[in-house]
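Trainee:
Protein chains: 2
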Amino acid sequence: MIQRNTRQRDTILAVLERAEGPLSAPELLCRAQQDLPGLGIATVYRTLKLLTEDGRVRSVNLDGESLFERADLPHHHHFACRVCGKVFDLDVCPLALPQGLAVPPGYLVEGHEVTLYGVCPGCSA
Amino acid sequence: MIQRNTRQRDTILAVLERAEGPLSAPELLCRAQQDLPGLGIATVYRTLKLLTEDGRVRSVNLDGESLFERADLPHHHHFACRVCGKVFDLDVCPLALPQGLAVPPGYLVEGHEVTLYGVCPGCSA
DNA sequence: ATCCCTGCAAACGATTTGCAGAACA
DNA sequence: TGTTCTGCAAATCGTTTGCAGGGAT
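Line by line, the protein sequences are chains A and B.
Numbering follows UniProt numbering, with no gaps: position 52 of the first sequence is 52.
Numbering follows UniProt numbering, with no gaps: position 26 of the second sequence is 26.
1. Considering only the beta carbon of each residue, do A:Val15 and A:Arg31 sit closer than 8 Å?
2. Which residues in the same chain have their Cβ closer than 7 Å to the Cβ of B:Val119, if we skip the five residues on either side of it in sequence?
3. Identify, in the order they occur along the chain, each residue of the same chain with its Cβ nearer than 8 Å to the Cβ of B:Ala125, setting aside the five sequence neighbours on each side.
4. If we count Cβ pairs, one from each stretch, closer than 8 Å, do we get three or more for the segment 40-59 of chain A versus the segment 68-80 of chain A?
5. Since B:Leu73 and B:Leu90 are thought to touch, with beta carbons under 8 Å apart, how far apart are those beta carbons, to the nearest angstrom?
6. If you compare alpha carbons, which of A:Gly106, A:Phe88, A:Glu110 and A:Pro104 is closest to B:Val109?
7. To test your reading of the DSSP string, which unbroken beta strand (DSSP E) runs of 3 or more residues are found completely within the segment 41-111 of chain B?
8. Between A:Ser24 and B:Met1, what straight-line distance do the alpha-carbon atoms span, to the nearest angstrom?
9. Can you tell me which of A:Cys123, A:Val114 and A:Arg9 puts its alpha carbon nearest to the alpha carbon of A:Tyr45?
10. Do B:Leu39 and B:Leu50 come within 8 Å of each other at the CB atom, strictly closer than that value?
11. At the 8 Å Cβ level, is A:Val114 part of the contact set with chain B, yes or no?
12. Measuring only between beta-carbons, confirm whether A:Asn5 sits less than 8 Å from chain B.
13. Distance cutoff 8 Å, beta carbons only. Does B:Cys84 sit that close to anything in chain A?
14. Where B:Leu36 and B:Ile12 are concerned, what is the direct C-alpha to C-alpha distance, given to the nearest angstrom?
15. Which residue comes first and which comes last in the alpha helix (DSSP H) that contains B:Ala32?
16. Tell me B:Glu113's beta-bridge partners as DSSP assigns them.
17. Whole angstroms is fine: what's the gap from A:Glu53's alpha carbon to B:Thr6's?
18. Do you know offhand how far B:Pro121's Cα is from B:Lys86's?
19. Out of A:His112, A:Gly111, A:Glu113 and A:Gly106, point me to the one whose CA is closest to B:Cys123's CA.
20. Starting from A:Glu110, find everything on chain B with Cβ-Cβ shorter than 8 Å and list it in chain order.
21. Run down chain B in chain order and give the residues with a C-beta less than 9 Å from the C-beta of A:Ser24.
Structure follows, in structure tokens:
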């Protein structure tokens, strides 16, 4: 649990606020260092872990790497561009029946993750 | 492209054949070493890469790690247990509309990945 | 006898952890 | 002032790569 407010935590949260999609820890570090040079990668990871435990941040797995986004975003999923590798938020959930899925009996579904792969507008030009 | 048949490649493929779900490279190594002690992790990765390029194996990303499965399996998705961490194959695609998704114009969808999270029968007991 | 393939070990990138000093409350 | 936090560096873990020897064709 987070117990104190610090410049690094404010900065990390601010970067997440203005992100256009989920960010990896190294990417987040890169952006945050523009506001707060000297910030260390360890602090980024420690802060992300605390924020996740606090329920303020959520992690999504994509293309083998962990990306982080604010947890207060409305339910959505992601689109990963095969060309430039960028990840975009989609404001739709293509999963028609979040619950009534035909899963074998005994499996308790608590959540789902949907990722679409393809080419983004910028790369298809 | 694979050009020669070797004991290690046969073994790796055999392990994938009898897997109940996608496997990570370290997990695959562990199982394969029971048939072929001395097998190295580098060979596992190199073989998986070649098999993927050959279209015989496919990789799925889940929980931040890359898992591998045979590419000749019918279209399906995965269920990841939050308790034991195991991944199971689901023989259904909960994605009702593989095509007509409400993605913003300009995005070309070439594929999708769906993962359900929850508790498996073994862990809910 | 080629030349591909393998094992070992070093290299790498992402993530975690130990430790001493810096900074909130 | 007392802890919590932070930065640095070392440690870990998954993955890749270089190299010399072994094996398939």
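A virtual CB, placed ideally from N, CA and C, is assigned to each residue, including glycine.
Mentor: In short, the structure shows the following:
1. Translated into the one-based positions of the first sequence, residue 15 of chain A becomes position 15. Translated into the one-based positions of the first sequence, residue 31 of chain A becomes position 31. Yes, they are a contact pair.
2. If you number the second sequence from 1, residue 119 of chain B lands on position 119. Once the five neighbours on either side are set aside, the close Cβ partners of B:Val119 are Cys81, Arg82 and Val83.
3. Position 125 of the second sequence, counting from 1, holds the residue named residue 125 of chain B. Around B:Ala125: no qualifying Cβ.
4. yes
5. Taking the first residue of the second sequence as 1, we reach residue 73 of chain B at position 73. Taking the first residue of the second sequence as 1, we reach residue 90 of chain B at position 90. Rounded, the Cβ-Cβ distance is 11 Å, inconsistent with contact.
6. If you number the second sequence from 1, residue 109 of chain B lands on position 109. B:Val109 has its Cα closest to that of A:Phe88, out of A:Gly106, A:Phe88, A:Glu110 and A:Pro104.
7. 57-62, 65-70, 77-81 and 87-90
8. For the purposes of this step, residue 24 of chain A is identified with residue 24 of the first sequence, where counting begins at 1. For the purposes of this step, residue 1 of chain B is identified with residue 1 of the second sequence, where counting begins at 1. A:Ser24 and B:Met1: Cα-Cα distance of roughly 32 Å.
9. Translated into the one-based positions of the first sequence, residue 45 of chain A becomes position 45. Nearest C-alpha to A:Tyr45: A:Arg9.
10. Numbered from its first residue, the second sequence carries residue 50 of chain B at position 50. Numbered from its first residue, the second sequence carries residue 39 of chain B at position 39. Contact flag unset, no.
11. What you label residue 114 of chain A is simply residue 114 of the first sequence in a count that begins at 1. Yes, A:Val114 counts as interfacial toward chain B.
12. The count along the first sequence starts at 1 and reaches residue 5 of chain A at position 5. Cβ-Cβ to chain B under 8 Å: no for A:Asn5.
13. Start at 1 with the first residue of the second sequence, and residue 84 of chain B comes out as number 84. For B:Cys84, the answer is no, since every Cβ of chain A falls outside 8 Å of its Cβ.
14. Counted from its first residue, the second sequence places residue 36 of chain B at position 36. Counted from its first residue, the second sequence places residue 12 of chain B at position 12. Rounded to the nearest angstrom, the two C-alpha atoms are 9 Å apart.
15. Start at 1 with the first residue of the second sequence, and residue 32 of chain B comes out as number 32. B:Ala32 -> alpha helix (DSSP H) spans Ala25 to Asp35.
16. As a first step, residue 113 of chain B must be located in the second sequence, where it is residue number 113. Paired residues: A:Thr115.
17. Counted from its first residue, the first sequence places residue 53 of chain A at position 53. Counted from its first residue, the second sequence places residue 6 of chain B at position 6. Roughly 47 Å between the two C-alpha positions.
18. The residue given as residue 121 of chain B occupies position 121 in the second sequence. The residue given as residue 86 of chain B occupies position 86 in the second sequence. Going from the Cα of B:Pro121 to the Cα of B:Lys86 covers about 11 Å.
19. Your numbering for residue 123 of chain B matches position 123 in the second sequence. Checking every option, the nearest Cα to that of B:Cys123 belongs to A:Gly106.
20. Walking along the first sequence from the start, residue 110 of chain A turns up at place 110. Simply Arg82, Tyr117, Gly118 and Val119.
21. Counting from one through the first sequence, the residue named residue 24 of chain A turns up at place 24. None at all; the shortest Cβ gap to chain B is about 11 Å.
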